[in-house]
């Protein structure tokens, strides 16, 4: 089956610093990847759609200058949380689309901003 | 905009009991519906995928049904086990984007 990895699996950082999260499709190429955020006891909320070689499409209410997305290759998308604040603490999950029908989800990255 | 709701939000049952989780969505123009399992602090594990043209899918003790016209899906778990304890999420897709439900937190008591 298709595998999607995320790195790091968890990160703790100080307020004001930037954090980069990587999402990789290990055994397939993904022209489209998605970034989700999940707060405790809540469902996943789509943040942005990342297309290889073009700018990401952000959902309403998501600050594009704060959550920088780069999809430089068919197997890697990165999410950078810039100037992180405690309210950015969350569980970030990516998914990669293998075909029109199928997306595979990464294991998630837990971010804690102190 | 598509909205996905799951009922109940939490469920606690004794081991061995059969149970049903419910999922409803507001826009019936979906591509498919998928049920996921999420363990605490972990990512998503896909359980069952139902295409919009299908009525149900089965895998082991799990059976998922889809009534697209009424905007409903159910996940039936037979003979529940403590290892089934997790949060169950349903999601519908329009082809490009997933819309996730609010989740049902299941606890199976030994």
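Chains as they are written, first to last, in this note's numbering: chain A, 1 to 114; chain B, 1 to 110. Even glycine gets a Cβ: it sits at the ideal position worked out from N, Cα and C. Computed from a prediction, not measured in an experiment: that's the story for all the values here.
query                                                                                                                                                                     : result
Mind checking if residue 39 of chain A is an interface residue toward chain B, Cβ cutoff 7 angstroms exclusive?                                                           : no
Are any of the Cβ atoms in chain A nearer than 7 angstroms to that of residue 100 of chain B?                                                                             : yes
When burial is assigned at 16 or more other CB atoms within 10 Å of the CB, is residue 10 of chain A buried or exposed?                                                   : exposed
Out of curiosity, what's the CA-to-CA distance linking residue 57 of chain A and residue 49 of chain A?                                                                   : 5 angstroms
Going by beta-carbon coordinates alone, are residue 64 of chain A and residue 2 of chain A separated by less than 7 angstroms?                                            : no
Is there a C-beta anywhere in chain A that falls below 7 angstroms from the one on residue 103 of chain B?                                                                : yes
Do you know how far the Cα of residue 27 of chain B is from the Cα of residue 1 of chain B?                                                                               : 8 angstroms
If you count every other CB in all the chains shown that lies within 10 Å of the CB of residue 93 of chain A, and 16 or more means buried, which is it?                   : buried
Relative to chain A, which residues along the stretch 22-42 of chain B have a C-beta separation below 7 angstroms, given in chain order?                                  : 32, 41, 42
Between which two residues does the beta strand (DSSP E) holding residue 36 of chain A run?                                                                               : 32-38
For residue 39 of chain B, which of helix, strand or coil comes out of DSSP?                                                                                              : coil
Nearest to residue 90 of chain A by CA position, among B:32, B:43, B:14, is which residue?                                                                                : B:43
Quick one: list the residues of chain B neighbouring residue 46 of chain A, beta-carbon separation under 9 angstroms, in chain order.                                     : 97, 98, 99, 100
Would residue 24 of chain A be called buried (16 or more neighbouring beta carbons within 10 Å of its own) or exposed?                                                    : buried
Nearest to residue 84 of chain B by CA position, among B:23, B:47, B:33, is which residue?                                                                                : B:47
Which ranges does the alpha helix (DSSP H) cover as unbroken runs of at least 4 residues, wholly within the stretch 43-67 of chain A, from first to last along the chain? : none
Residue 78 of chain B: which of B:18, B:68, B:8, B:12 sits nearest, CA to CA?                                                                                             : B:18
Which residue comes first and which comes last in the beta strand (DSSP E) that contains residue 56 of chain B?                                                           : 56-59
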